[in-house]
Every structure is written in structure tokens, then in C-alpha cells.
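Below is one structure; the comments refer to it alone.
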Amino acid sequence: MSEGGPIDALKEARDDGLIDHIGFTSHDTPENVIEIMKTGEFESVTLYHNILKTRGSPEPAIKYAHDHGIGVVIMGPLGG
Numbered sequence: 019m020s021e022g023g024p025i026d027a028l029k030e031a032r033d034d035g036l037i038d039h040i041g042f043t044s045h046d047t048p049e050n051v052i053e054i055m056k057t058g059e060f061e062s063v064t065l066y067h068n069i070l071k072t073r074g075s076p077e078p079a080i081k082y083a084h085d086h087g088i089g090v091v092i093m094g095p096l097g098g
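Written out as C-alpha cells, the structure reads:
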């Protein structure tokens with residue numbers, strides 16, 4: 019994450035009370051999502067997970083988030 023980049027702007031907005039939390043959304047692989055979470059910059063993640071499809075499950079990323087106190091929101095749980 020580059021200094022003076024978007025993350026720094028979000029942190030400043032949080033410090034100024036303009037936002038409460040910093041999160042991200044991803045359709046990437048669980049491995050890449052975990053690498054992003056490992057930066058420690060994010061408090062939540064929104065992941066695509068369709069319970070009707072088992073291929074490409076984000077469950078490893080969900081488990082990592084749970085184990086590290088990172089909130090998870092699931093988009094498209096019923097195929098939407």
C-alpha cells in the first residue's frame with residue numbers, strides 16, 4: 019500500500035469521524051483475499067459466495083477473517 023494512497027485517505031476519513039470502518043470487496047481467490055487481510059488495514063470484507071455452487075468457495079478466507087476478528091459480508095448467497 020503506497021503512502022498517501024487510498025488507504026491513507028480512508029484512515030484520515032475514519033480519524034475525522036467521516037466513516038466508521040474500512041473494508042473491501044473481492045471476487046479474487048481465497049489465497050489472495052487472505053493476503054489482503056494480512057495487511058491489517060481492513061476491518062471487514064465482502065465476498066461472493068453462492069451456496070448453490072461449491073467450486074471456488076471462499077471458506078478459507080472466511081475462516082481467516084473469523085479467526086482475526088474481521089467482519090464478513092456475503093454477496094450473492096442465493097445466486098444473485
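Positions in the sequence shown are counted from 1; adding 18 to them yields my numbering.
Backbone N, C-alpha and C define an ideal beta-carbon position, used for all residues, glycine too.
Can you check whether the CB of residue j is closer than 8 Å to the CB of residue i?
i	j	result
T57	V91	no
I37	F60	no
I54	Y82	no
S62	I88	yes
State the start and end residues of the unbroken alpha helix (DSSP H) segment that holds residue i.
i	result
I25	24 to 33
I80	77 to 85
Following the continuous beta strand (DSSP E) through residue i, name the residue where it begins and the one where it ends.
i	result
I92	89 to 93
Assign residue i to buried or exposed, taking buried as 16 or more other Cβ atoms, counted over all protein chains shown, within 10 Å of its Cβ.
i	result
P24	exposed
P78	exposed
Ignoring anything shorter than 3 residues, give me the beta strand (DSSP E) runs that lie fully in the stretch 40 to 70, in order along the chain. Complete beta strand (DSSP E) runs here, min 3: 41 to 44, 62 to 66.
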